[in-house]
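Trainee:
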Amino acid sequence: MAAGFADKAINVLGGPLSSASVELLQVNLGYLCNMSCRHCHVEGGTSGPGNSGHKDQMGQDNIAHVLGALSDERLKTLDLTGGAPELHPAFREIVSSARGMGKRVIVRTNLTVLLEQGMEDMPEFFAANKVELVASLPCYSREGVDRVRGPGAFSRSIAALVRLNKLGYGASSDGEDLVLNLVYNPQGAFLAPPQQALEADYKRELSLREGVTFNSLYTFANMPIGRFKSSLERSGQYAGYLKQLADAFNPCALKDVMCRRLISVGPDGRLYDCDFNQALGLGLSDGLPSHISQFDYDALSGRPIKVDEHCHGCVAGQGST
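According to our numbering, the sequence shown is numbered sequentially starting from 68.
#1: Residues in its own chain within less than 6 Å of F72 by CB, not counting five upstream and five downstream?
#2: By the 10 Å Cβ neighbour count, where 16 or more other Cβ atoms means buried, how is G135 classified, buried or exposed?
#3: What is the residue span of the alpha helix (DSSP H) that I130 lies within?
#4: K197: buried (16+ other C-beta within 10 angstroms of its C-beta) or exposed?
#5: If you scan the stretch 282-334 from start to end, which runs of the alpha helix (DSSP H) of 4 or more residues do you find wholly inside it?
#6: I think V212 touches F221, with their Cβ atoms under 8 Å apart; what is that distance to the nearest whole Å?
#7: Tell me the rounded alpha-carbon separation between L96 and F158.
#8: In the DSSP output, which residue or residues are listed as bridge partners for Y236?
#9: Distance, Cα to Cα, S164 vs G237?
#10: Let's see if you can read the secondary structure: which residues bound the beta strand (DSSP E) around Q93?
#11: Do S368 and S138 count as a contact pair if the criterion is CB distance below 8 Å?
#12: Count the CB pairs spanning the stretch 322-329 and the stretch 350-365 that are closer than 8 Å, and state whether there are at least three.
#13: Based on Cα-Cα distance, which residue from C206, P190 and L309 lies nearest to E199?
#14: Closest by CA to G348, which one among I330, L231, M125 and R337?
#15: Are there three or more Cβ pairs, one per stretch, closer than 8 Å when the stretch 291-309 is compared with the stretch 248-256?
#16: Pull up the DSSP beta-bridge partners for A202, would you.
#17: Given a cut-off of 8 Å on the beta-carbon distance, is the pair I161 and L147 in contact?
#18: So, under 8 Å CB-CB, V133 and V174 are touching, yes? Tell me the CB distance rounded to an integer number of Å.
#19: Distance check for G81 and V332, CA to CA, integer angstroms please.
#20: DSSP on H155, reduced to helix/strand/coil?
#21: Beta carbon of A220: closer than 7 Å to some heavy atom of the ligand GDP?
#22: Would you report the Cα separation of I330 and K170, rounded to the nearest angstrom?
#23: Closer than 6 Å by C-beta to S114: which residues in its own chain qualify, once you throw out the five before and the five after it? Chain order, please.
#24: Just verifying my parser: in three-state terms, what is the DSSP assignment at L99?
#25: Near Y305, which residues of its chain fall below 8 Å by C-beta distance, leaving aside the five closest residues on each side in sequence?
#26: Kindly indicate which residue of K270, A151 and V172 has the alpha-carbon position closest to the one of S208.
#27: Out of P205, L142 and Q385, which one is the CA nearest neighbour of D365?
#28: Give me the Cα-Cα distance between G120 and F287, rounded to the nearest whole angstrom.
#29: Considering only DSSP beta bridges, list what Q124 is partnered with.
#30: CB-CB under 8 Å to P356, same chain, minus the five flanking residues each way: which ones, in chain order?
#31: List the whole-angstrom C-beta distance separating N289 from L247, where the pair is believed to meet the contact cut-off of C-beta under 8 Å.
#32: Counting only the same chain and skipping the five closest in sequence on each side, list residues whose C-beta sits under 8 Å from that of S85.
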């Protein structure tokens, strides 16, 4: 029988996968989103099958606990995700508070939300607070984006990128500008091509066709959970895709996998090793703080990380570091 993910981790690391530190607090502000993308592992959206309860957003008590945890100087970065995190009514308050503490703030944006009513000045807010943007754009072509995200998604994404570029986002790669990174996800049950080559393609095509620039491209495997898992099961590809991920196991990627330096916080304040485990309801190991109100840096740093076969998605090919 082929070795599972836990056994592979032990063979590579000499012991179970564990945290190296807690540098980043990744906070899911809620599952409310203006889009319903086919590859979404948290099944974010406004309504529809599978979204019962997914409109829930983080309450003020848990926001206060998040900001309290950030007061620990060893936590360097706040990473805000969703859904569309910008739709949370306290979003600007959270960003401003974190920046006031001197924290790096990353926002994971779908771009199209910046064209929604009430978001007209959000790009300016981002720029004023030097927020680092990680923007999802699953392809550099209209056909590719609209196939995954719905008709018109590409044109709205480009309109948002143009606005961000005008403010200085993605202007250079010297580290002094406003950082705008894009994210590529495969459009089906296959792995991403080499990141460096695909980044060159994105930069060339978006510049020539749309006049858009950005800093870096991240390539992530689609995780076999949530809405993408359902799609795989309907098409009879689930088992084959799991095998493809396992066969592409990269020992080097395991050493720097994201969960080793972060804690994920759900909208209800519960703690997880990563947002994929959060989507699956896999909380931290027994005996560890389970809620953001109990945040304890020393207890969470060096903790054992709860793993399962979906973890192959983060270490397949070049990995998702």
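Virtual Cβ for every residue (Gly too), placed ideally from N, Cα, C.
Just so you know, these numbers come straight off a predicted model, no measurement behind them.
Mentor: Answer, in terms of the structure:
#1: V374, E376, C378 and H379
#2: exposed
#3: Q127 to L137
#4: exposed
#5: 293-302, 305-314 and 318-322
#6: 4 Å
#7: 8 Å
#8: L245
#9: 24 Å
#10: L91 to N95
#11: no
#12: no
#13: P190
#14: R337
#15: yes
#16: T176 and L249
#17: yes
#18: That belief does not hold up - the Cβ atoms of V133 and V174 are roughly 14 Å apart, past 8 Å.
#19: 28 Å
#20: coil
#21: This structure does not include the ligand GDP; it has no bound ligands of any sort.
#22: 15 Å
#23: Note on S114: pLDDT 44, under 50, position unreliable in the model; the coordinate value appears next. So the list is empty, once near-sequence residues are dropped.
#24: strand
#25: P291, K296 and L299
#26: K270
#27: L142
#28: Per-residue confidence for G120 stands at a pLDDT of 41, beneath the threshold of 50, marking its modelled position as unreliable; the derived number appears in the next sentence. Each residue's Cα considered, the two are about 27 Å apart.
#29: G97
#30: L338, F362, D363, A366 and L367
#31: About 22 Å separates the two Cβ atoms, so there is no contact after all.
#32: R327, G369, R370, P371 and I372
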